[in-house]
Amino acid sequence: MYDAAQSDDGKRVLADRLWPRGLSKTKAQIDLWCQAVCPSTKLRQQYHRGELSYAEFVPAYQAELAELDQPLLELMRMIRQGPITLLSAVKDLQQSHLPVLQHELIQRLHAEDAAASDEPSSPVCYGKQFNHWD
Numbered sequence: 122m123y124d125a126a127q128s129d130d131g132k133r134v135l136a137d138r139l140w141p142r143g144l145s146k147t148k149a150q151i152d153l154w155c156q157a158v159c160p161s162t163k164l165r166q167q168y169h170r171g172e173l174s175y176a177e178f179v180p181a182y183q184a185e186l187a188e189l190d191q192p193l194l195e196l197m198r199m200i201r202q203g204p205i206t207l208l209s210a211v212k213d214l215q216q217s218h219l220p221v222l223q224h225e226l227i228q229r230l231h232a233e234d235a236a237a238s239d240e241p242s243s244p245v246c247y248g249k250q251f252n253h254w255d
């Protein structure tokens, strides 16, 4: 989050419920601040206070994400248009909500792709190959 933007970042999406301390909005170079996809305040506080282990946090956050459609769809649309970089001010990204969010987005994109490829296509029109259509 505090690192400079890179040319291959694509859209930069801040996925934190709270704005990072000491960082101006102009310096952050954020395209979207998506608070809606972040863990609830209660869940975030429980995890940060040590009341939940990461192993307990992950399924709780996954359950919250399962209830979110519109904010995740917005991110999925952005991903379909080009790369995005999920950003957070947390100190340990690997033990944060970002890997869970990334996994959820990837799973939903795969499910969307699978559903699209399973849809029957329009029937091929062979009308001109049969004499009675002349």
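Just so we're on the same page, my numbering is the position in the sequence shown counted from 1, plus 121.
Note that the Cβ used here is the ideal one computed from N, Cα and C, for glycine as well.
### Task
Measure the beta-carbon distance from G143 to I205 and round it to whole angstroms, keeping in mind my assumption that it falls under 8 Å.
If you number the sequence shown from 1, residue 143 lands on position 22. If you number the sequence shown from 1, residue 205 lands on position 84. Between I205 and G143 the Cβ distance is about 24 Å, and since that is not below 8 Å, they are no contact.
### Message
As a quick exercise: from R170, A236 and P160, pick the residue whose alpha carbon is nearest that of E188.
### Response
On the sequence shown, position 67 is the one that residue 188 refers to. Answer by Cα proximity: P160.
### Task
For V134, count neighbouring Cβ atoms within 10 angstroms of its own Cβ and tell me buried if that reaches 16, exposed if not.
Position 13 of the sequence shown, counted from the start, is the residue given in the question as residue 134. By the neighbour-count rule (16 or more Cβ atoms within 10 Å), V134 is buried.
### Message
By the three-class DSSP mapping on this structure, what secondary structure does I200 have?
### Response
Numbered from its first residue, the sequence shown carries residue 200 at position 79. Of the three classes helix, strand and coil, the one that applies to I200 here is helix, per DSSP.
### Query
Can you give the Cα-Cα distance for S128 and I227, rounded to whole angstroms?
Translated into the one-based positions of the sequence shown, residue 128 becomes position 7. Translated into the one-based positions of the sequence shown, residue 227 becomes position 106. Using only the alpha carbons, I get a separation of about 23 Å.
### Message
Here's the rule: buried if 16 or more other CB atoms are within 10 angstroms of the residue's CB, otherwise exposed. What is A136?
### Response
Taking the first residue of the sequence shown as position 1, residue 136 is located at position 15. By the neighbour-count rule (16 or more Cβ atoms within 10 Å), A136 is buried.
### Short Cβ contact (7 Å threshold) for Y182 with H231
Here residue 182 refers to the residue found at position 61 when the sequence shown is read from its first residue. Here residue 231 refers to the residue found at position 110 when the sequence shown is read from its first residue. Taking 7 Å as the Cβ cut-off, Y182 and H231 do not qualify as a contacting pair.
### Task
Just the C-alpha distance for A126 and L153, rounded to the nearest angstrom, thanks.
Position 5 of the sequence shown, counted from the first residue, corresponds to residue 126. Position 32 of the sequence shown, counted from the first residue, corresponds to residue 153. Using only the alpha carbons, I get a separation of about 14 Å.
### Segments of 4+ residues assigned as alpha helix (DSSP H) that fall wholly inside the region 168-200
175-187
### Task
Return the chain-ordered list of same chain residues with a C-beta closer than 8 Å to the C-beta of I151, the five sequence neighbours on each side being excluded.
Locating residue 151 in the sequence shown gives position 30, where the first residue counts as 1. The answer, listed in chain order, is R133, V134, L135 and L208.
### Query
If you draw a straight line from the C-alpha of Q216 to the C-alpha of P180, how long is it?
In the sequence shown, counting from the first residue as 1, residue 216 sits at position 95. In the sequence shown, counting from the first residue as 1, residue 180 sits at position 59. Roughly 13 Å between the two C-alpha positions.
### Opposing strand residues paired with L207 [DSSP bridges]
Here residue 207 is taken as the residue at index 86 of the sequence shown, counted from 1. For L207, which the question treats as bridged, DSSP gives the partners V134.
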